[in-house]
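From first to last, the protein sequence lines are chains A and B. Counting from 1, one number per residue, gives the positions in the first sequence under the numbering used here. Counting from 1, one number per residue, gives the positions in the second sequence under the numbering used here. Yeah, the Cβ is synthetic: ideal placement off N, Cα and C, and Gly gets one too.
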Amino acid sequence: MMSHPEYEIVVGLEVHAQLLTNSKLFCGDSIAFGAAPNTNVSPVTLAHPGTLPVMNHRAIELAVRIGLACNCTIEQHNYFARKNYFYPDLPKGYQISQHTTPICGGGEVRISVSGEEKTIRLNRIHLEEDAGKSIHDANPDFTAVDLNRAGTPLVEIVSEPDIRSSDEAFAYLTVLRQWVRYLEVCDGNMEEGSLRCDANISVRKKGDTRLGTKVEVKNLNSIRNVKRAIDAEAVRLTAMLENGETIIQQTRGFDVNSGTTYAIRDKEDADDYRYFADPDLTPFVLETAEIDRIREALPALPEARILHYTQALGLTEYDAGVLTEERNFAEYFESVTQHTTYYKSAANWMLGPVKSWLNEPGRQLANFPLAPAKLAALLECVEKGQLSFSIASSRLFEKLLDQPDAEPLELARSLNLLQDSDASSLEPVIDAVLAKFPDKVEAYRKGKKGLLALFVGEVMKQSRGKADPRVTNELLLEKLKS
Amino acid sequence: MFVYSSISHYQSQLTQGHTTCVEAVEHYLRQIAATRHLNAYVAVYEAEALARAKELDTLRKEGKTTGRLHGVVIGVKDVISHEGHPLTAASGILQGFEAIYSATAIKKLLDEEAIIIGSLNCDEFAMGSTNEHTVYGPVLNADDESRVPGGSSGGSAVAVQAGLCMVSLGSDTGGSVRQPADFCGIVGFKPGYGRISRYGLIAYASSFDQIGIFSTNIPDTALLLEIMAGPDVADSTASRQQPDAYSKELDTPKTPYRIAYFPEALDHPSLDPEIRDAIYKRLESLKNEGHHVQPVNFDLMDYIVPSYYVLTTAEASSNLSRYDGVRYGHRTEKPVTDLVDFYKKTRSEGFGKEVKRRIMLGTFVLSAGYYDAYFTRAQKVRKLLTTKIELIFNDFDFIILPTAPTTAFRRGEKTEDPIAMYLADIYTVMANLAGIPAISLPLFRHNNGMRFGLQAMASRQNELSLLRFSHELLTNREN
């Protein structure tokens with residue numbers, strides 16, 4: 001929210017996503033998170049004399065995936081450039097990156113903020129290697145350097161300055177994170193640093209066509225912190241303009257505790273990176289056939305799935321949204337719908353019992369014992385009146401998880417959980433209930449039709465939930481009539 | 001007394017029991033000890049070489065030898081990584097550094113049972129044409145000790161020239177194998193770019209560097225090339241084309257060759273007239289032998305040295321950034337105020353003058369504001385030159401040039417005038433700019449007593465025909 005409504009905030013985001021490869025971008029070292037410091041470091045990572053980078057082709061495929069998903073133009077003739085600067089966690093003294101030919105150009109990400117659709121244009125997505133980690137607080141006298149991360153493959157996803165609020169930034173990053181996870185490009189884990197964000201922020205008077213001087217807030221490690229940093233900068237920059245101060249181009253950090261930003265350095269003393277094509281790497285050409293192969297293998301993204309769920313399966317927008325939050329959840333749901341046409345019921349089961357099961361700590365869908373076909377069989381029992389939903393979800397579901405190979409109907413029968421829709425066995429129960437409440441029967445007959453629910457409830461109670469509500473209803477109506 | 005003439009002769013002597021690997025190694029160790037003042041070696045692996053020789057002798061007697069370089073005693077320029085051995089690029093910044101892995105080329109040599117006897121002096125980081133820019137002190141030319149052996153692979157050239165090993169490895173970025181071979185009267189061969197993997201070769205200018213071979217004869221060169229050449233998963237710039245069986249295909253029926261020469265190069269004012277005459281004479285005799293020898297117009301002569309220095313120093317300025325004192329090598333012991341001060345002191349202390357000059361030059365030509373005027377233009381010249389050379393090779397098999405404009409310089413002659421030193425690379429940088437194979441063949445002797453060579457170049461991937469032609473030229477000399 002802008003404190004001065006005559007101003008608007010302009011934001012462009014640079015997102016670094018660590019690619020889900022097994023090894024580094026230019027050598028075979030593992031990129032697994034959490035290894036002891038400086039253990040995933042070959043001579044190449046350490047930049048020993050005479051070592052050379054060799055391209056990890058898996059990284060190219062992953063970059064193309066996210067590029068295609070964002071509707072980018074894929075660059076077929078790629079080369080890597082060296083970005084030269086000195087820093088202790090940069091072993092070669094240059095970072096191998098892409099400069100004039102990013103692997104993906106243009107593109108867009110569609111977001112929706114409080115029901116309003118908006119398109120955020122992308123400038124580019126390029127491949128680069130990560131630097132190592134400088135650890136300043138391990139030793140009071142030294143900075144420690146861990147080079148495990150050095151050489152880890154990243155894509156940098158650079159948006160145009162199309163974002164106009166912290167909510168839009170939040171929505172954009174949420175979509176992007178969801179997409180990289182869907183595409184298995186990146187695990188999206190911001191706490192472990194596999195997704196990081198730098199925000200370029202400026203403010204200007206509404207209607208102004210020129211961009212204000214920007215500040216860059218670096219290394220934001222959660223979507224929430226991106227939002228907080230933008231809000232903090234909006235207030236700070238607006239106040240500066242209101243006070244007649246000049247904004248200087250700066251790199252800033254974000255203090256998560258105070259929620260404020262602080263200056264790291266002014267851009268005036270920015271480095272000259274002396275980019276040039278890395279002569280150690282031959283240019284690589286992406287053949288059209290290769291791009292097509294990657295395109296064909298792309299999974300459907302949430303947007304397409306939501307459309308299918310609402311239009312073809314008749315689900316609500318909300319349910320469709322929740323079902324598609326995670327790709328494997330959506331895919332499980334879709335498998336269930338291969339075995340039943342009770343789509344709404346399938347959705348309810350996913351969003352109810354299955355989600356509750358997943359909410360227990362340490363549980364993942366990959367470990368969910370029940371096959372989609374069994375879940376479909378279970379919900380069909382309910383839909384066909386063989387089983388009440390409450391019994392199915394509270395008792396049979398659990399039993400079934402213990403015996404995932406059992407047939408739901410068989411199991412229900414052996415556990416004596418099947419619904420009673422036999423009038424001859426229900427009648428005595430109903431008679432007993434009506435006998436128990438003669439005054440209520442009287443009141444009903446005098447017009448308090450609402451009391452029907454009470455009788456139904458009582459019959460259910462007496463039958464310990466097994467009475468078929470439909471049959472019970474019919475029998476009750478019959479008896480109360482007389 | 002051990003006498004060496006060629007690998008095949010040595011190996012038949014071994015098989016016939018006339019000599020042993022131990023005898024060979026002992027011979028070279030004695031020679032090295034006796035010529036310490038030449039300063040060719042910076043490290044000699046005495047015990048290791050003897051132990052390996054003994055092992056190989058035993059294996060051979062048991063009939064268990066398979067190596068094509070069985071017992072061949074090799075010296076290696078101090079820019080090629082050899083696991084467990086010092087690797088310093090003749091620089092202060094790498095003092096005390098030991099390689100933790102072996103270059104692909106070294107692995108291939110060792111797999112063929114070669115014996116690496118030591119590492120050889122050179123200009124620091126292979127930058128220089130005199131072998132005077134080295135932390136170990138200058139190398140002397142064994143033919144005339146008042147003269148330099150050339151550079152940067154001066155130690156490698158002298159090791160073969162003075163009989164301190166059988167063959168040696170150098171590296172050639174702009175002539176660093178061919179020019180010292182020329183100055184020392186031996187064969188110096190630079191394969192085409194990418195023919196031998198660069199993995200483990202300390203980078204000077206990555207798009208120019210190539211491991212090269214010093215020898216006394218072409219069959220030795222061909223065998224070493226055959227063994228070291230080939231694709232390498234660790235070097236994506238290595239040629240993917242499988243190499244030829246160079247050593248087995250040297251002797252072919254004579255056919256008339258199509259030979260080009262550049263009058264602009266031979267009539268260049270910097271060329272010693274005696275060298276010019278010798279080359280013209282040789283061209284004449286080639287014509288008389290039935291080859292097609294023709295002048296070709298070449299108007300890029302004055303652009304190639306400047307372009308070469310712009311591009312190589314640019315790459316070098318980046319390649320040498322890793323020597324920062326953080327992970328290995330020299331680190332300043334002086335108190336420092338901050339990180340930048342740490343880098344400045346470490347690198348100022350560690351690098352020599354010529355290396356610093358080239359790092360600064362390279363940094364300058366890549367800087368914003370100068371980039372297009374220097375780096376981009378030099379790239380254009382490189383492109384033009386490459387196209388021009390390709391066109392020439394459409395019509396010709398070989399280009400013949402001098403290797404250097406003069407015979408070996410006097411010591412100190414070029415040290416104070418870097419531009420003069422750079423300009424002396426005029427005939428050699430062409431092959432590196434175009435990535436083609438080139439060789440210097442010791443065919444001539446100057447009135448001043450020094451030997452000098454003729455340079456022949458072939459098109460990319462045509463090492464085999466170049467070696468055949470060279471073999472013919474050298475054999476004719478001997479007749």
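Around the C-beta of residue i, are 16 or more other C-beta atoms found within 10 angstroms, so that it is buried, or is it exposed?
| i | result |
| --- | --- |
| residue 312/A | exposed |
| residue 195/B | buried |
| residue 111/B | exposed |
| residue 98/A | buried |
| residue 168/A | buried |
| residue 488/B | No answer is possible for residue 488/B: the residues shown for chain B start at 1 and end at 479. |
| residue 141/A | exposed |
| residue 481/A | exposed |
| residue 428/A | exposed |
| residue 190/B | buried |
| residue 200/A | buried |
| residue 248/A | exposed |
| residue 83/A | buried |
Measuring only the C-alpha atoms, how far is residue i from residue j?
| i | j | result |
| --- | --- | --- |
| residue 478/B | residue 444/B | Confidence in residue 478/B is poor, its pLDDT being 48 and thus under 50, which makes the residue's placement unreliable; the coordinate value appears in the next sentence. One C-alpha to the other measures close to 12 Å. |
| residue 298/B | residue 395/B | 14 Å |
| residue 451/A | residue 366/A | 47 Å |
| residue 307/A | residue 204/A | 37 Å |
| residue 138/B | residue 38/B | 8 Å |
| residue 296/B | residue 458/B | 15 Å |
| residue 26/B | residue 154/A | 54 Å |
| residue 389/A | residue 353/A | 11 Å |
| residue 148/B | residue 199/B | 29 Å |
| residue 116/A | residue 71/A | 21 Å |
| residue 416/B | residue 351/B | 17 Å |
| residue 323/A | residue 151/A | 36 Å |
Considering just the uninterrupted stretch of the alpha helix (DSSP H) at residue i, what are its terminal residues?
| i | result |
| --- | --- |
| residue 307/B | 301 to 319 |
| residue 488/B | The displayed coordinates of chain B run from 1 to 479. Any statement about residue 488/B would go beyond what the structure contains. |
| residue 292/A | 288 to 296 |
| residue 442/B | Per DSSP, residue 442/B belongs to no alpha helix (DSSP H); it is in the beta strand (DSSP E), 438 to 445. |
| residue 460/A | 452 to 462 |
| residue 184/B | 178 to 184 |
| residue 484/A | Any question about residue 484/A goes unanswered here, given that chain A covers just 1 to 482. |
Once DSSP output is grouped into helix, strand and coil, what is the label at residue i?
| i | result |
| --- | --- |
| residue 118/B | strand |
| residue 280/A | coil |
| residue 429/A | helix |
| residue 213/B | strand |
| residue 365/B | helix |
| residue 512/B | Outside the displayed span of chain B (1 to 479) sits residue 512/B, for which this structure offers no information. |
| residue 154/A | strand |
| residue 73/B | strand |
| residue 161/A | coil |
| residue 230/A | helix |
| residue 134/B | coil |
| residue 479/B | Low per-residue confidence applies at residue 479/B: pLDDT is 42, beneath 50, and the placement is therefore not dependable, though the value from the model is reported in the following sentence. Reduced to three states, the DSSP call for residue 479/B is coil. |
Can you name the start and end residues of the beta strand (DSSP E) that residue i belongs to?
| i | result |
| --- | --- |
| residue 21/B | From DSSP, residue 21/B is part of no beta strand (DSSP E) but of the alpha helix (DSSP H) over 21 to 34. |
| residue 123/A | 116 to 129 |
| residue 292/B | 292 to 295 |
| residue 263/B | Run containing residue 263/B: none in the beta strand (DSSP E); it sits in the alpha helix (DSSP H), 263 to 266. |
| residue 198/A | 195 to 205 |
| residue 110/A | 108 to 113 |
| residue 8/A | 7 to 18 |
What are the residues of the stretch 192 to 208 of chain B that lie near chain A, defined by any Cβ-Cβ distance shorter than 8 Å?
198, 199, 200, 201, 202, 203, 205, 206, 207
Taking a Cβ distance cut-off of 7 Å, strictly less, list which residues of the stretch 272 to 290 of chain A are near chain B, in chain order.
For the stretch 272 to 290 of chain A, the set of residues with a beta-carbon nearer than 7 Å to any beta-carbon of chain B comprises 272, 274, 276, 279, 280, 281, 282, in chain order.
What residues in the stretch 304 to 320 of chain B bring their beta carbon closer than 7 Å to a beta carbon of chain A?
Sequence-ordered contacts of the stretch 304 to 320 of chain B with chain A read 314, 315, 318 [C-beta pairs closer than 7 Å].
If contact means a Cβ-Cβ distance below 8 Å, which residues of the stretch 217 to 247 of chain B contact chain A?
For the stretch 217 to 247 of chain B, the set of residues with a beta-carbon nearer than 8 Å to any beta-carbon of chain A comprises 233, 234, 235, 236, 237, in chain order.
Residues in the stretch 47 to 64 of chain A with C-beta within 8 Å of chain B's C-beta atoms, listed in sequence order?
47, 48, 49, 50, 51, 52, 53, 54, 55
Near-chain A residues of the stretch 109 to 133 of chain B - C-beta to any C-beta below 9 Å
Hits within the stretch: zero.
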